[in-house]
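If you number the sequence shown the way our numbering does, the last residue is 464 and the count never jumps.
Every residue, glycine too, gets a C-beta built ideally from N, C-alpha and C.
Remember, it's a predicted structure, so these values are computed and weren't measured experimentally.
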Amino acid sequence: MYLSKNPFTGIVEKEFEVISNEQLQTQLELSQQAFNSWKNTPYSTRSKLLFKMADLLEERSEQYGRLISTEMGKPIKQSVGEVEKCAWVCRFYAESGAEFLNASILESTAVESQLIYEPMGTIFAVMPWNFPFWQVFRFIAPCIMAGNVGLLKHASNVPQCAKAIEQIFIDADALKGLFQNLFINHQQVELVIASPIVKAVTMTGSNKTGSIIASLAGKYTKKTVLELGGSDAFIVFDDADMHSALQQALLSRFLNSGQSCIAAKRFIVHESIADEFVTNFQSLIENLVKGNPLDTETFIGPLVNEIAMNELEAQVTTSISLGAKCLVGGEICEFMRSVYEPTLLYNVPLESPAWTDELFGPVAVVCFFDSDEEAIAMANDSHFGLGASIWTADMDKAAWISQQLQVGTVAINGMVKTEPGLPFGGTNQSGYGKELGALGMHEFMNIKTVSYF
Ligand code: NAP
Numbered sequence: 012m013y014l015s016k017n018p019f020t021g022i023v024e025k026e027f028e029v030i031s032n033e034q035l036q037t038q039l040e041l042s043q044q045a046f047n048s049w050k051n052t053p054y055s056t057r058s059k060l061l062f063k064m065a066d067l068l069e070e071r072s073e074q075y076g077r078l079i080s081t082e083m084g085k086p087i088k089q090s091v092g093e094v095e096k097c098a099w100v101c102r103f104y105a106e107s108g109a110e111f112l113n114a115s116i117l118e119s120t121a122v123e124s125q126l127i128y129e130p131m132g133t134i135f136a137v138m139p140w141n142f143p144f145w146q147v148f149r150f151i152a153p154c155i156m157a158g159n160v161g162l163l164k165h166a167s168n169v170p171q172c173a174k175a176i177e178q179i180f181i182d183a184d185a186l187k188g189l190f191q192n193l194f195i196n197h198q199q200v201e202l203v204i205a206s207p208i209v210k211a212v213t214m215t216g217s218n219k220t221g222s223i224i225a226s227l228a229g230k231y232t233k234k235t236v237l238e239l240g241g242s243d244a245f246i247v248f249d250d251a252d253m254h255s256a257l258q259q260a261l262l263s264r265f266l267n268s269g270q271s272c273i274a275a276k277r278f279i280v281h282e283s284i285a286d287e288f289v290t291n292f293q294s295l296i297e298n299l300v301k302g303n304p305l306d307t308e309t310f311i312g313p314l315v316n317e318i319a320m321n322e323l324e325a326q327v328t329t330s331i332s333l334g335a336k337c338l339v340g341g342e343i344c345e346f347m348r349s350v351y352e353p354t355l356l357y358n359v360p361l362e363s364p365a366w367t368d369e370l371f372g373p374v375a376v377v378c379f380f381d382s383d384e385e386a387i388a389m390a391n392d393s394h395f396g397l398g399a400s401i402w403t404a405d406m407d408k409a410a411w412i413s414q415q416l417q418v419g420t421v422a423i424n425g426m427v428k429t430e431p432g433l434p435f436g437g438t439n440q441s442g443y444g445k446e447l448g449a450l451g452m453h454e455f456m457n458i459k460t461v462s463y464f
C-alpha cells in the first residue's frame, strides 16, 4: 500500500494499491517499446521535451511545493525551491546534455578508433522521500537526454509526488512509456530488476536498502549506482569567516528539518574558537521557527514519521547517556509531537551514535580539535563518505585538507550541495557511482569502442 499521510497533521490524504504482476509486466513492455523509439530521436526532440517540462515545473512550483510539504513535511519555501531546482536540471540537460554525448577519437593501431556513447535502455530508479521531486529529476533529466527511458519505484509515503511527476511527462506530451511510475512492493522490486527489459538500477536511500538492491542487481548482473547515507564533516579552522561559517552551518544542518543526506552532521571546530562558535550556533538554533510546513515562516517542520522520530530520539538519548552535552533541544517538541526540537550536542564521545550513526533530523553535533591532523582524523572517522566542508582563509591548507578527506564532494567556504553540472556521489558506505554531469550521464550508457581498419 502507498499511503500519503500528512506528517504534521497525521491525516491520511490518499491511498494507492500496489499493482499486480500482470500490470507490472505491461508497464515493463511499454517501457521497452518507448526505448525502441526514443533511442533514435534526435537530441533536439529530447531537448524540446525537457524545456517543456522545465516550463511546467516553474508554472506549477507553488502547487507541487504544497504537495511535497503536505506529503512529507518539508517547509513550504524549501519545497517550492526544490521544484524550481528540478526545472533547472531539466533546462541544464536540454541545453548542455548533448555535449556530454559527443564521440571522441582514440589513438590506436586502426586507421581510426572512436569512443561512442549509446543509451542502455530502461533504467530503474528506487528513490527516497526526502527530496521527492529532486531525487527523481536528477536521475530522469540526464537519463532521457541520453536516450534512455525510466521506471520509478518511489518511497511508499510519497505516492502523490510520484504520480505528479508522471503527469508532468503526460502534460509535456512525452512519448508514452518514456517515464513510468510503478506502485510496487519490495518483492516486485526483484521482478523489475530481473526483467531483461531493465538494464541498470539507480538507488538512493539507506545503506540497508542499498545493500539489498545491489545484491539483487548482482544476482541478475545489472549495473548499479548507489547514493546512500552520510554524516558529513564541517571543519572550521581558527582563521575562518565566522559569520559565514555559522550561517551556512545552520542552513546545511537544518534544511529539510535535518533530513538530508548531505547535511553537515558533524561540526569539527578548532579549540581556540570553540566558545564563540558554540555560543553563536546555539543562539541561531534557538531562533529557528518550528511549525506547520505550510506556513511560510516555518523553518523546522515535522519529521517524516513516528519511526524516524523514535530512532532519532533513541540516538540522542543514548549519546547523552554516554556523556554528550546537550545545549539546546534534545527532545520531542512538547506542543507539536511530530516535530523534534532543533538540538545542539557537543563533546560527544566518538563511540556514541551521535558520532557514528547518521542522525536524520535536526541535531547538530560539535567536537573540537587542536591540530590539522586531528581535524582530518576526526572527519575521516566515519564509515560514510558523502561530502565535507572546510572553512578557512588559507586556500593552500584547504586544498591539502580536501585531498585528505575520504569523501565524494568537498565544499571550501561553502556548504555541500548538488547542482546539475557537478558529478555527485559518495565513497565508502555512502555508495558508489556518480549522478549528474558527464560522468553521471555516462553511468547508464554503453560506452562503445569502434575501430576502422
Ligand atoms: P530507504 O528506506 O532505504 O528507502 C529508499 C527506497 O528504497 C524507497 O523507495 C523504499 O521503498 C525502497 N526500499 C526500502 N526497502 C526496500 C527493500 N527491502 N526492497 C526494495 N526496495 C526497498 O531510505 P529512506 O529512509 O527513504 O531515505 C533516507 C536515506 O536516504 C538516508 O540514509 C539518506 O541519507 C539517504 N539519501 C541519500 C542521498 C544521496 O544522494 N546519497 C539522497 C537522499 C537520501 P518503501 O518506501 O516502499 O520502503
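Which first and last residues belong to the alpha helix (DSSP H) in which residue i is found?
i	result
residue 66	54-70
residue 258	253-265
residue 147	145-156
residue 172	170-182
residue 453	448-453
residue 102	87-107
residue 197	197-205
residue 319	317-332
residue 289	285-297
Measuring CB to CB, does residue i end up less than 8 Å from residue j?
i	j	result
residue 210	residue 133	yes
residue 374	residue 427	no
residue 202	residue 41	no
residue 450	residue 431	no
residue 236	residue 33	no
residue 292	residue 29	no
residue 437	residue 395	yes
residue 138	residue 159	no
residue 136	residue 98	no
residue 257	residue 295	yes
residue 477	residue 175	The shown model of the chain, from 12 to 464, leaves out residue 477, and the question about it has no answer.
residue 397	residue 272	yes
residue 229	residue 45	no
residue 88	residue 429	no
residue 439	residue 267	no
Roughly how far, in whole angstroms, is the beta-carbon of residue i from the beta-carbon of residue j, given that I think they are within contact range, below 8 Å?
i	j	result
residue 456	residue 157	6 Å
residue 104	residue 153	5 Å
residue 278	residue 377	4 Å
residue 369	residue 276	7 Å
residue 147	residue 162	Not really, about 11 Å apart at Cβ, beyond 8 Å.
residue 239	residue 441	5 Å
residue 329	residue 283	No, residue 329 and residue 283 are not in contact; Cβ-Cβ is about 30 Å, not under 8 Å.
residue 403	residue 251	6 Å
residue 233	residue 247	Incorrect: roughly 42 Å between the Cβ atoms, too far for contact.
residue 85	residue 302	With a Cβ gap of about 13 Å, residue 85 and residue 302 do not count as contacting.
Use the C-beta contact count for residue i: other C-beta atoms within 10 angstroms, 16 or more gives buried, fewer gives exposed.
i	result
residue 406	exposed
residue 190	buried
residue 165	buried
residue 466	The question about residue 466 has no answer, for the chain in this structure spans 12 to 464.
residue 116	exposed
residue 243	buried
residue 304	buried
residue 281	buried
residue 207	exposed
residue 179	buried
residue 22	exposed
Between the Cα of residue i and the Cα atoms of the options, which residue gives the shortest distance?
i	options	result
residue 83	357, 45, 198, 144	144
residue 18	341, 79, 32, 197	79
residue 155	174, 102, 219, 199	102
residue 96	70, 118, 109	70
residue 55	137, 14, 24, 110	110
residue 463	28, 21, 85, 125	125
residue 314	344, 61, 292	344
residue 356	349, 366, 347	366
residue 318	98, 339, 173, 349	349
residue 90	106, 100, 73, 39	73
residue 352	358, 53, 338	338
residue 112	127, 423, 399	127
residue 460	401, 123, 170, 385	123
residue 151	192, 321, 27	192
residue 254	58, 425, 24, 31	425
Just to confirm the assignment, what range does the beta strand (DSSP E) spanning residue i have?
i	result
residue 162	160-164
residue 456	456-463
residue 192	190-192
residue 400	398-402
residue 275	275-281
residue 336	336-339
When you measure from the CB of residue i to every non-hydrogen atom of ligand 3, does any distance come out below 7 Å?
i	result
residue 406	With respect to ligand 3, the structure shown offers nothing to examine, as its ligands consist of ligand 1.
So that I know if they touch, is there some Cβ in chain C lying closer than 8 Å to that of residue i?
i	result
residue 298	Checking the listed chains, one finds no chain C in this structure; it contains a single protein chain.
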